[in-house]
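> The numbering used here applies: residue -1 is where the sequence shown begins, and numbers increase by one. The structure that follows is given in the form of structure tokens.
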Amino acid sequence: MDLIALPASTKVRVTVGVDPMVERMAVQRPYFAFDTLYQTADADWDIWGNFKPEQPLGAEAGPLTLSECIRHLSTLGACAAALVQHPDERIHYLADHAIWTMHRAGLNTDRAMLFAARARVSARSGKRVEANAELLTAGGVSADLTVSYQALPAQVFDLAFADHGNAGCSPATRSPYRRMFPLLVLSLKRHAITACSVDYSAERCAGHFPDHPMWPMSAVLSGLCEVMSQLLAHEFQRSVEYTVMHAEMRALRLVAASEQLLFSATLMSVSLEGRVYSMSCSATHGRAVVVMLDAVVVIRRD
């Protein structure tokens, strides 16, 4: 399989074992989707990885969806943090705040190629970690992510989320991330939409904290992007493609995968030429906010 061209400084590589890494981070395949992990002579970056896209683009112009980029880049940031752990230590990295910037819209990168990403730890303090990660495509850096985590030792995590335990959950034989999960639209009007998840389950988040199946932030973002897509289609009275150029996400709580979430999106503003839209989105469980997303999207020209 072809690999997107990388800088010359990455030619000398030291392989990082994938199996030991996933044990340290308490995640498994298929949520963890990197084919290889490695370090290079580039001292500015702690770890690199290669992966192949799998999530459907839907109305997003690509080459990847926002949710898939967040999934892989936040995972790689956690890998960077886990490099300094004791080999026998397990730590759950809970991403609770992220800022995303896309540098080039409408890239036509071949999705059959392996993508490259790199990450580094930028700050540590107590049980907090911050990492920077970048998505690389032909021509350079396509997007970057700054993500903050709570770093919880396995014993603390197990105690905090004992009510969500499900050690008997069988491993997935096929990645559930290759398909969208269904939503039911409850309300769609000018500038606003609300929908709910349908039949989401532990199998849908396979590999993400496997003994405690809960909605991953990337899955919640997938639902929020889907309601954004439907709202934009309603505004234009036709399907439109768009790119998320900037986004800020906050994850406020973890919710069991068996629970239903509501997804809402509101159009906040639009540019004079009608191509740049600001959206405010949230996912809720009952009266509790689970994830908040503020996004700036650019409509792709026909």
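Where a beta carbon is used, it is the ideal one built from N, C-alpha and C, also for glycine.
Considering only residues of the same chain and omitting the five flanking positions on each side of E224, which have a CB-CB separation below 7 Å?
Within the sequence shown, residue 224 is the residue found at index 226, counting from 1. G56, M178, L181, listed in sequence order.
> Enumerated in chain order, which unbroken segments of the alpha helix (DSSP H) with a length of 4 residues or greater are wholly contained in the stretch 21 to 89?
Listed in chain order, they are 64 to 80.
> Could I get the ranges of all uninterrupted beta strand (DSSP E) runs contained in the stretch 94 to 161, with 3 residues as the minimum, in chain order?
Segments of the beta strand (DSSP E) lying fully in the stretch 94 to 161: 113 to 123, 126 to 135, 138 to 151.
> On the DSSP letters alone, give me the boundaries of the beta strand (DSSP E) that A254 sits inside.
To locate residue 254, count along the sequence shown from 1; it is residue 256. Where A254 is concerned, there is no enclosing beta strand (DSSP E), given that its DSSP letter is neither H nor E.
> Does L270 pass the burial test, meaning 16 or more other C-beta atoms within 10 Å, or should it be called exposed?
What you label residue 270 is simply residue 272 of the sequence shown in a count that begins at 1. By the 10 Å Cβ count, L270 comes out exposed.
> Quick test of the definition: if touching needs 3 or more C-beta pairs under 8 Å, does the stretch 20 to 31 touch the stretch 74 to 89?
Touching, yes.
> Provide the residue(s) that pair with M247 in DSSP beta bridges, ordered along the chain.
What you label residue 247 is simply residue 249 of the sequence shown in a count that begins at 1. In DSSP, M247 forms a bridge with A96, L291.
> Determine whether the beta carbon atoms of Q228 and V183 lie at a separation below 8 Å.
Here residue 228 is taken as the residue at index 230 of the sequence shown, counted from 1. Here residue 183 is taken as the residue at index 185 of the sequence shown, counted from 1. A contact, by the Cβ cut-off of 8 Å.
> Report the rounded CA-to-CA distance for C194 versus Q258, giving the unit in angstroms.
Here residue 194 corresponds to residue number 196 of the sequence shown, with the count starting at 1. Here residue 258 corresponds to residue number 260 of the sequence shown, with the count starting at 1. For C194 and Q258, the distance between alpha carbons rounds to 7 Å.
> Cβ of P211 within 8 Å of Cβ of A160?
For the purposes of this step, residue 211 is taken as residue 213 along the sequence shown, with counting starting at 1. For the purposes of this step, residue 160 is taken as residue 162 along the sequence shown, with counting starting at 1. In this structure, A160 does not lie closer than 8 Å to P211 by Cβ.
> Taking only the alpha-carbon atoms, compute the straight-line gap between H244 and V16 and give it to the nearest angstrom.
Locating residue 244 in the sequence shown gives position 246, where the first residue counts as 1. Locating residue 16 in the sequence shown gives position 18, where the first residue counts as 1. Distance between the alpha carbons of H244 and V16: 31 Å.
> Which one or two residues does DSSP pair with R11 in a beta bridge?
Locating residue 11 in the sequence shown gives position 13, counting from the first residue. R11 pairs with T38.
> I'd like the span of the beta strand (DSSP E) that includes C203, first residue to last.
Along the sequence shown, one-based indexing puts residue 203 at 205. It is not in any beta strand (DSSP E) - C203 carries neither H nor E in the DSSP assignment.
> Taking Cβ positions, are F155 and N48 nearer each other than 8 Å?
Start at 1 with the first residue of the sequence shown, and residue 155 comes out as number 157. Start at 1 with the first residue of the sequence shown, and residue 48 comes out as number 50. Going by C-beta atoms, F155 is not nearer than 8 Å to N48.
> Going straight from the alpha carbon of D44 to that of F234, what length do you get?
Counting from 1 along the sequence shown, the entry for residue 44 is found at position 46. Counting from 1 along the sequence shown, the entry for residue 234 is found at position 236. One C-alpha to the other measures close to 44 Å.
> Might you give, ordered along the chain, the residues of its own chain that have their beta carbon closer than 6 Å to the beta carbon of M290, omitting 5 neighbours on each side?
Numbered from its first residue, the sequence shown carries residue 290 at position 292. Excluding positions up to five away in sequence, the list reads R248, S280.
> So what's M178 in DSSP terms, helix, strand or just coil?
For the purposes of this step, residue 178 is identified with residue 180 of the sequence shown, where counting begins at 1. It is coil, neither helix nor strand.
> Along the chain, where does the alpha helix (DSSP H) that runs through V238 open and close?
Position 240 of the sequence shown, counting from 1, holds the residue named residue 238. Unbroken run through V238: none, as it is neither H nor E.
> I'd like to know whether the C-beta atoms of P28 and A204 end up nearer to each other than 8 Å.
The sequence position of residue 28 within the sequence shown is 30, counting from 1. The sequence position of residue 204 within the sequence shown is 206, counting from 1. Yes, Cβ-Cβ distance for P28 and A204 is below 8 Å.
> Nearest-angstrom Cα distance between T13 and R116?
Taking the first residue of the sequence shown as position 1, residue 13 is located at position 15. Taking the first residue of the sequence shown as position 1, residue 116 is located at position 118. Spanning the two alpha carbons is a distance of roughly 14 Å.
> Quick check: what's the CA-CA separation for H101 versus A141?
Locating residue 101 in the sequence shown gives position 103, where the first residue counts as 1. Locating residue 141 in the sequence shown gives position 143, where the first residue counts as 1. So the two alpha carbons sit approximately 5 Å from each other.
> Measure from the alpha carbon of T264 to the alpha carbon of each residue in V253, R298, R188, then state which is nearest.
Position 266 of the sequence shown, counted from the start, is the residue given in the question as residue 264. When each option's Cα is compared against that of T264, the closest is R188.
> If I measure Cβ to Cβ from D292 and keep anything under 6 Å in the same chain, skipping five residues before and after, which residues do I get?
Translated into the one-based positions of the sequence shown, residue 292 becomes position 294. Same-chain partners within the cutoff: E246, S278.
> Quick check on DSSP: helix, strand or coil for S185?
In the sequence shown, the residue the question calls residue 185 occupies position 187. It is a strand residue.
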